[in-house]
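J.:
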Amino acid sequence: MSKIIVITSGKGGVGKTTATANIGAALAVLGKKVALIDTDTGLRNLDLVLGLENHICYTLIDIVKSKISYDKALIRHPTYKNLYLIPTSQKYDKSALTGNDLIRICQSMKPDFDYILIDCPAGIEQGFKTAIAAANAAIIVTTPEMAALRDADKIVGELNRAELNDITLIINRIRPNMIQRNDMLDISDIKEILGIDVIGQLPDEEAIIKYTNKGQSVIEDKNSLSGKIFRNIALRICGQNIPIMNFYSQTTFWGKLKNLFKK
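Using my numbering, read the sequence shown as starting at 38 and increasing by one per residue.
1) Return the bridge partner residues of residue 113 from the DSSP annotation.
2) Give the secondary structure of residue 51 by DSSP, where H, G and I count as helix, E and B as strand, and everything else as coil.
3) Could you give the residue range of the beta strand (DSSP E) that holds residue 142?
4) Determine whether the beta carbon atoms of residue 283 and residue 224 lie at a separation below 9 Å.
5) Do you know offhand how far residue 192's Cα is from residue 204's?
6) If you check the beta carbons only, do residue 48 and residue 159 fall under 9 Å apart?
7) Going by DSSP, name the residue or residues bridged to residue 237.
8) According to DSSP, simplified to helix, strand and coil, what is residue 131?
9) Which residue comes first and which comes last in the beta strand (DSSP E) that contains residue 89?
10) I think residue 379 touches residue 45, with their Cβ atoms under 8 Å apart; what is that distance to the nearest whole Å?
11) Rounded to whole angstroms, what is the Cα-Cα separation between residue 60 and residue 270?
12) Which residue wins for smallest C-alpha separation from residue 67, given the options 117, 98, 187 and 99?
13) What does DSSP give as the partner residue(s) for residue 174 in the beta ladder?
14) Straight-line CA distance for residue 258 to residue 197?
15) Whole angstroms are fine: how far does the CA of residue 254 sit from the CA of residue 62?
16) Who are the Cβ neighbours of residue 121 in its own chain at under 6 Å, not counting the five residues just before and after it?
17) Leaving out five residues before and five after residue 143 in sequence, what residues of the same chain have Cβ atoms less than 7 Å from its Cβ?
18) Relative to the ligand MN, is the shortest distance from any of its heavy atoms to the C-beta of residue 169 smaller than 8 Å?
19) Please name the residue or residues paired with residue 152 in a DSSP beta bridge.
20) Taking only three categories from DSSP, how would you classify residue 57?
21) Just to confirm the assignment, what range does the alpha helix (DSSP H) spanning residue 255 have?
22) Just the Cα atoms here: how many angstroms apart are residue 108 and residue 245?
23) Going by DSSP, what residues sit across from residue 179 in a beta bridge?
24) Only counting the same chain, and skipping five residues up and downstream in sequence, which positions put a Cβ closer than 6 Å to that of residue 234?
25) The alpha helix (DSSP H) that contains residue 229, what's its start and end?
26) Can you give me the start and stop residues for the alpha helix (DSSP H) that residue 218 sits inside?
27) With a threshold of 8 Å on Cβ separation, who are the neighbours of residue 53 within its own chain once the five nearest residues in sequence on each side are excluded?
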């Protein structure tokens, strides 16, 4: 039976959809059968990130309206044969899908997939509540900025209220030079603020933008730090004990204290 993971953020624009696509691809490379579900009805970007925008015949809303069974809407990725997408519709708004709809669809999919990843809309309104309804785990994607962290903290509280307690964190767009200057929070600061385990931290790397714009996964780039990190995240999701990669030297307590007095 599959594990259903909602990938959420609170704040928009932090890289949640890109993370969903790359984690899905990395799990598929490990031999896991993976389904990605885009629940951002009305917008829909996961198909673009995966390079599947021209392959869409049916959507998540067609399944909800009982026009088709879920397998008719599945799009198989041409590169990753174990990776499938159910896109959502741009014609409807988020009220077209309810939590009960998503639970029903995921229950029917569970026997056929090892992992189901749900790409959650930004915010904490109906779209968020719908996306988390079927999940038994959550990955929060944030950036080391106070606005994003405040929204991530709000998401942690909402997930706890929904009794979804298997929560981990991805920190995206880290700039090592800013951390070394004490101008950006590091992993220890963020763990202390949010109180949840970090499953991966990603640099602000051009390769992610390059591959995302081409509709490809950055895990294809063997020289990309981000590609390696996404592959490691997939291994951790599968239960392997892989140390978190530290691609910057964290400032010590005394270093932070000296910087404080300098200011």
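Virtual Cβ for every residue (Gly too), placed ideally from N, Cα, C.
T.: Reading off the structure:
1) 121
2) coil
3) Taken as a continuous stretch (DSSP letters only), residue 142 belongs to no beta strand (DSSP E), being part of the alpha helix (DSSP H) at 136 to 146.
4) yes
5) 10 Å
6) yes
7) 207
8) helix
9) No beta strand (DSSP E) contains residue 89, which DSSP labels as neither H nor E.
10) Given a span of 38 to 300 for the chain in the structure shown, any question on residue 379 remains unanswerable.
11) 7 Å
12) 117
13) 42
14) 37 Å
15) 7 Å
16) 72, 111 and 113
17) 41, 153 and 171
18) Ligands are entirely absent from the displayed structure, and the ligand MN is therefore not among its contents.
19) 40 and 71
20) helix
21) Element bounds for residue 255: n/a, residue is neither H nor E.
22) 30 Å
23) 208
24) 205
25) 224 to 231
26) Taken as a continuous stretch (DSSP letters only), residue 218 belongs to no alpha helix (DSSP H), as it is neither H nor E.
27) 44, 45, 46, 156, 157, 159 and 178
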